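Just so we're on the same page, the UniProt record's numbering is the position in the sequence shown counted from 1, plus 7.
Where is the CB? At the ideal position from N, CA and C, for every residue including glycine.
If you're wondering where the values come from, they're calculated on a predicted model, not measured in any experiment.
Inspection log for the structure reproduced underneath, given as structure tokens.
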Amino acid sequence: DKYQIAVVPGDGIGQEVMKATIDVLDSLDIDFEYVYGEAGDECLEKNGTALPDETLDIIRQSDACLFGAAGETAADVIVKIRQEMKMFANLRPVKAYPHTNSLSDEIDFMIVRENTEGMYIADEEKYTDEGAIARRIITREAERRIIDYAFKYAVENNKSKVTAVHKANVLKKTDGLFKEIFYEVAEDYPDIATEDFYVDATAMYLITQPESFEVIVTTNLFGDILSDEGAGLVGGLGLIPSANIGLDGALFEPVHGSAPDIAGKGIANPIAMMLSAVMMLRYLGENDAADKFDAAILKLLNDANTLTGDLGGNASTMDVAGEVIKNINGE
Ligand code: NAI
Ligand code: MG
């Protein structure tokens with residue numbers, strides 16, 4: 008087989024949207040070997056751990072991982088996978104699709120978030136006599152790595168500009184360094200335009216001029232917050248994919264969770280999971296297949312006759328899979 012893919016469906020609708028997505032992947036002319044791994048609430052109940060070593064090994068040995076969703080154990084599961092696999096980059100595309108509540112039809116940018124340091128280091132948060140304290144860690148190596156990743160992403164995806172987001176006016180040393188490294192790395196990419204904004208201003212610009220962004224690169228906490236603002240801009244959890252890219256592997260997952268309110272009914276929207284698989288195909292360098300899959304989803308959204316309930320239709324999860332496969336086959 009050409010690629011080994013770790014498949015971790017997890018809990019609730021994770022299992023349903025994964026099945027739909029694998030059906031579509033099987034209709035592409037690529038030789039995948041799927042190795043299934045368990046994780047999440049059901050796994051905890053069954054095996055006494057939400058993330059067995061065996062699952063980590065499968066992810067480690069595979070070319071990429073598709074992850075559905077976990078339930079209450081999600082934070083532990085996904086944080087542990089990120090740490091174990093040194094997944095330093097979190098990618099969130101923010102893109103307007105038809106028949107969604109997008110603020111504008113022209114929105115199409117990528118948020119590249121540093122995922123290993125900044126404000127989110129568990130050991131750096133402590134209680135003190137006065138209250139509590141958290142340290143914000145910015146290292147040259149990690150910030151250079153994420154900034155370089157953002158520029159490379161821009162080059163490979165025909166983007167013309169990278170925007171650095173920081174708060175260097177107040178956080179003079181940590182974000183001062185981030186900004187300095189941004190412009191150092193930029194010198195290696197003379198064809199890519201650059202700009203840098205304060206994070207508070209960016210929170211506003213995302214609303215007032217979302218079409219102006221192409222690639223945003225930022226530190227951990229700011230990236231976390233702006234990612235969710237991005238999700239709000241284009242509306243609808245059922246459509247938003249994400250990627251975690253690491254030194255030892257990469258994991259692709261929808262942003263949504265296990266949705267216990269609709270789980271088991273076969274009505275979840277599988278498009279966020281499918282778009283995550285599209286991101287995986289691009290990561291693997293299978294750009295033709297990614298374009299085909301992406302176009303088939305876009306056609307479904309444009310046609311608007313096979314939409315799930317969250318988008319105002321009454322199609323089932325597997326109806327969507329069937330329609331996307333039809334579109335791929337040009338039927
Ligand atoms: P959620 O994303 O599971 O659901 C929020 C709302 O959006 C629900 O009304 C749900 O029905 C709807 N929704 C989500 N995805 C949908 C889809 N594909 N199609 C149609 N409707 C969709 O978030 P919630 O309710 O906050 O959390 C539920 C569980 O999921 C919790 O146990 C939480 O810990 C877990 N979770 C897991 C994540 C992960 O695995 N990465 C991320 C977020 C939450
Ligand atoms: Mg978040």
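Can you check which of these residues, Asp255, Asp38, Glu113, Ser323, is closest to Leu213 by C-alpha distance? Nearest of Asp255, Asp38, Glu113, Ser323 to Leu213, Cα basis: Glu113.
Please check if any C-beta of chain D sits within less than 7 Å of the C-beta of Lys166. No chain D is part of this structure, which consists of one protein chain only.
Does the pairing of the segment 9-20 with the segment 64-73 give three or more beta-carbon distances under 8 Å? They touch, by the three-pair rule.
Using CA coordinates, which residue listed in Val24, Gly264, Asp18, Glu40 is at the minimum distance from Asp326? Nearest to Asp326 by alpha-carbon distance, out of Val24, Gly264, Asp18, Glu40, is Val24.
Which whole-angstrom value describes the C-beta separation of Ala297 and Arg289, a residue pair presumed to lie in contact below a C-beta threshold of 8 Å? Contact between Ala297 and Arg289 holds: CB atoms are separated by about 5 Å, below the 8 Å threshold.
For Arg120, count the other beta carbons within 10 Å of its own beta carbon; 16 or more makes it buried, fewer makes it exposed. Which is it? With a 10 Å radius around the Cβ and a threshold of 16 neighbouring Cβ atoms, Arg120 comes out buried.
How would you call residue 340, buried or exposed, if buried means at least 16 neighbouring beta carbons within 10 angstroms? Lying before the first or after the last residue shown, residue 340 is absent from the chain, which here runs from 8 to 338.
Nearest to Ala279 by CA position, among Pro261, Met286, Ala270, is which residue? Looking from the CA of Ala279, the closest CA among Pro261, Met286, Ala270 belongs to Pro261.
Output yes or no for whether 7 Å exceeds the beta carbon distance between Lys168 and Ala175. The beta carbons of Lys168 and Ala175 sit no closer together than 7 Å.
Would you report the Cα separation of Thr226 and Val86, rounded to the nearest angstrom? The alpha-carbon atoms of Thr226 and Val86 are separated by roughly 17 Å.
Is it a yes or a no for the segment 79-98 touching the segment 151-167, going by three-plus beta-carbon pairs under 8 Å? Contact between the segment 79-98 and the segment 151-167 is present, with at least three C-beta pairs closer than 8 Å.
Using a Cβ-Cβ cut-off of 8 Å (strictly less than) and excluding sequence neighbours within five positions of Ser219, which residues of its own chain qualify? Within the same chain, Tyr212 come within 8 Å of Ser219 by CB-CB distance, once the 5 residues on both sides are set aside.
Looking at ligand 1, does it come within less than 6 Å of Tyr323, judged from the CB to the closest heavy atom? It is Ser, not Tyr, that sits at residue 323 in the sequence shown. Between ligand 1 and the CB of Ser323, the shortest heavy atom gap is not smaller than 6 Å.
Cβ of Gly273 within 7 Å of Cβ of Thr324? Yes, the Cβ-Cβ distance between Gly273 and Thr324 is below 7 Å.
If you reduce the DSSP assignment to three classes, tell me which class Thr123 lands in. Shown here, Thr123 sits in coil according to DSSP, grouped into three states, outside any helix or strand.
Val172, buried or exposed, once every other Cβ within 10 Å from all chains shown has been counted against 16: It is buried - the Cβ of Val172 has at least 16 other Cβ atoms within 10 Å.
Is Gly19 closer than 7 Å to Ala270 when the C-beta atoms are compared? A contact, by the Cβ cut-off of 7 Å.
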